[in-house]
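A short worksheet on the structure shown next.
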Amino acid sequence: MDTLYLSKGAAHVHSFAASHSQTDLREPVHANGLEALRKRSYELLNKFRTSWNELEYQEWCAIQRILHKSL
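Counting in UniProt numbering, the sequence shown runs from 1 upward without gaps.
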């Protein structure tokens with residue numbers, strides 16, 4: 001299994017997921033970080049049912065890549 005990393009100093013998990021590629025990684029993702037990503041992913045998915053925002057969709061895609069890599 002691959003080790004996941006978060007950018008050093010990332011204040012918000014969803015900001016990290018939206019603005020960092022998988023190659024720009026620094027610190028390991030902890031369980032609470034993954035849980036925060038899952039929560040944000042769920043929030044975005046529910047929001048997509050009523051409105052569409054390309055930036056939020058890109059954020060959701062980045063979160064999904066991180067979560068799937070953690071399996």
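Glycine residues also receive a C-beta, built at the ideal position from the N, C-alpha and C atoms. All values reported here derive from a predicted model rather than from experimental measurement.
How would you call W52, buried or exposed, if buried means at least 16 neighbouring beta carbons within 10 angstroms?
exposed
Within 10 angstroms of its Cβ, does E35 collect 16 or more other Cβ (buried), or is it exposed?
By the 16-neighbour rule on beta-carbons within 10 angstroms, E35 is exposed.
Taking its Cβ as the centre, do 16 or more other Cβ atoms sit within 10 Å of R49, making it buried, or is it exposed?
exposed
In the DSSP assignment, find the unbroken alpha helix (DSSP H) run with R40 in it and report its ends.
31-48
Out of N32, A31, H68, L44, state which residue places its alpha-carbon closest to the alpha-carbon of E59.
L44
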